[in-house]
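**Student:** Protein chains in written order, with the numbering used here: chain E, 512 to 622; chain G, 39 to 152.
All residues carry an ideal CB built from backbone N, CA and C; glycine is no exception.
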């Protein structure tokens with residue numbers, strides 16, 4: 512079993528839709544939860560960072576962490592064509608420099 | 039541009055050749071990370087440095103791989119006797135503050151081993 516599971520998609524939605532992206536994990540030692548966005552032929556870019564259960568909002572993006580269920584989500588409101596990219600969840604802990612990334616979900620927002 | 043810089047962007051080599059990649063982190067960042075990413079997968083951790091000290095290495099980093107960060111500034115990743123399975127995007131990231139907090143990635147070096 513992989514440490515982090517993420518549905519690779521692809522996910523296609525119309526412009527303006529609410530998008531829900533999810534990851535599940537198995538190791539309860541993870542303390543940091545992140546979402547990165549990666550455009551084609553570019554490096555990942557940090558979108559959201561949190562270390563506690565609950566919701567964190569930043570503009571159109573909301574990150575949700577449920578440690579009891581080992582489940583994290585990223586919601587994108589009013590999705591735009593410019594949101595078309597691969598979204599990667601990443602998890603870390605304080606005793607290692609290693610982040611564990613999900614496989615990534617490819618999102619396409621159609622105008 | 040004050041982001042993470044990687045050179046070259048693309049490298050094509052023949053099996054058995056040695057290759058070296060360079061990463062210039064954001065200047066005030068004391069931590070530097072190397073990751074490898076293959077098509078359709080998320081990045082996989084290779085190694086990280088705090089200043090000039092290499093503090094952690096993945097078992098993915100076989101004896102053919104070596105990374106250095108002299109004087110805690112730029113870093114190099116060398117692959118000796120390349121194999122076709124080494125074909126991947128090699129990503130460098132840097133950070134400051136707490137471990138694993140807010141990594142800034144470069145655009146990567148795409149390696150193709152023929």
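How far does the beta strand (DSSP E) with residue 621 (chain E) in it reach, from first residue to last?
**Tutor:** Where residue 621 (chain E) is concerned, the enclosing beta strand (DSSP E) stretches over 616 to 621.
**Student:** Name, please, each residue of chain G whose Cβ falls closer than 7 Å to the Cβ of residue 625 (chain E).
**Tutor:** One cannot answer for residue 625 (chain E) here, as it falls past the ends of chain E, which runs 512 to 622.
**Student:** What does residue 605 (chain E) touch in chain G if you count any residue whose Cβ is under 9 Å from its own?
**Tutor:** 136, 137, 138, listed in chain order.
**Student:** What residues in the stretch 63 to 83 of chain G bring their beta carbon closer than 9 Å to a beta carbon of chain E?
**Tutor:** The residues in question are 69, 71, 73, 75, 78, 79, 80, 81, 82, 83.
**Student:** I'd like to know if the stretch 73 to 82 of chain G and the stretch 112 to 128 of chain G are in contact, where contact means that at least 3 CB-CB pairs between them fall below 8 Å.
**Tutor:** Touching, yes.
**Student:** Are any of the Cβ atoms in chain G nearer than 8 Å to that of residue 554 (chain E)?
**Tutor:** Yes, residue 554 (chain E) counts as interfacial toward chain G.
**Student:** Using the Cα positions of residue 105 (chain G) and residue 617 (chain E), report the straight-line distance between them to the nearest angstrom.
**Tutor:** The straight-line gap from Cα to Cα measures roughly 31 Å.
**Student:** Could I get the ranges of all uninterrupted beta strand (DSSP E) runs contained in the stretch 538 to 580 of chain E, with 3 residues as the minimum, in chain order?
**Tutor:** Runs found: 543 to 549, 556 to 561, 565 to 569, 572 to 577.
**Student:** Would you tell me roughly how many angstroms separate the C-alpha atoms of residue 553 (chain E) and residue 578 (chain E), rounded to the nearest one?
**Tutor:** Rounded to the nearest angstrom, the two C-alpha atoms are 31 Å apart.
**Student:** Is residue 585 (chain E) close to chain G, meaning its C-beta is less than 8 Å from at least one C-beta of that chain?
**Tutor:** No, residue 585 (chain E) does not count as interfacial toward chain G.
**Student:** I'd like to know if the stretch 538 to 553 of chain E and the stretch 595 to 605 of chain E are in contact, where contact means that at least 3 CB-CB pairs between them fall below 8 Å.
**Tutor:** Taking 8 Å as the limit for Cβ pairs, the verdict is that the stretch 595 to 605 of chain E does touch the stretch 538 to 553 of chain E.
**Student:** Within 8 Å (strictly less), CB to CB, does residue 90 (chain G) reach chain E?
**Tutor:** Answer no: the Cβ-Cβ gap between residue 90 (chain G) and chain E never drops below 8 Å.
**Student:** Please look up how many angstroms separate the CB atoms of residue 59 (chain G) and residue 75 (chain G), rounded, as I've assumed it's under 8 Å.
**Tutor:** Wrong, their Cβ atoms sit about 13 Å apart, outside the cutoff.
**Student:** Could you please give the first and the last residue of the uninterrupted beta strand (DSSP E) stretch that includes residue 150 (chain G)?
**Tutor:** Where residue 150 (chain G) is concerned, the enclosing beta strand (DSSP E) stretches over 147 to 151.
**Student:** Please identify the residue among E:558, E:571, E:580, E:555 whose C-alpha is closest to the C-alpha of residue 565 (chain E).
**Tutor:** Out of E:558, E:571, E:580, E:555, E:580 has the C-alpha closest to the C-alpha of residue 565 (chain E).
**Student:** Spell out a yes or no on whether the stretch 111 to 118 of chain G and the stretch 55 to 71 of chain G are touching, meaning 3 or more CB-CB pairs, one atom from each, closer than 8 Å.
**Tutor:** A contact exists between the stretch 111 to 118 of chain G and the stretch 55 to 71 of chain G.
**Student:** Thinking C-alpha only, which one of E:525, E:557, E:560, E:588 is nearest residue 570 (chain E)?
**Tutor:** The option with the nearest alpha carbon to residue 570 (chain E) is E:588.
**Student:** Could you tell me which residues DSSP puts in a beta bridge with residue 528 (chain E)?
**Tutor:** DSSP lists no partner for residue 528 (chain E).
**Student:** In the stretch 103 to 124 of chain G, which residues sit with their C-beta less than 9 Å from some C-beta in chain E, listed in chain order?
**Tutor:** Hits within the stretch: zero.
**Student:** Using DSSP with H/G/I as helix, E/B as strand and the rest coil, what is residue 95 (chain G)?
**Tutor:** Three-state DSSP puts residue 95 (chain G) in a strand.
**Student:** Closer than 9 Å by beta-carbon distance: list the chain E residues that pair up with residue 146 (chain G), in chain order.
**Tutor:** Chain E residues near residue 146 (chain G): 552, 553, 554.
**Student:** Work out the CA separation of residue 582 (chain E) and residue 73 (chain G) for me, nearest whole Å.
**Tutor:** Distance between the alpha carbons of residue 73 (chain G) and residue 582 (chain E) is about 24 Å.
**Student:** Quick check: residue 42 (chain G) and residue 144 (chain G), are their CB atoms within less than 8 Å of each other?
**Tutor:** Yes.
**Student:** Please say whether residue 524 (chain E) and residue 602 (chain E) have beta carbons closer to each other than 8 Å?
**Tutor:** Not closer than 8 Å, so no.
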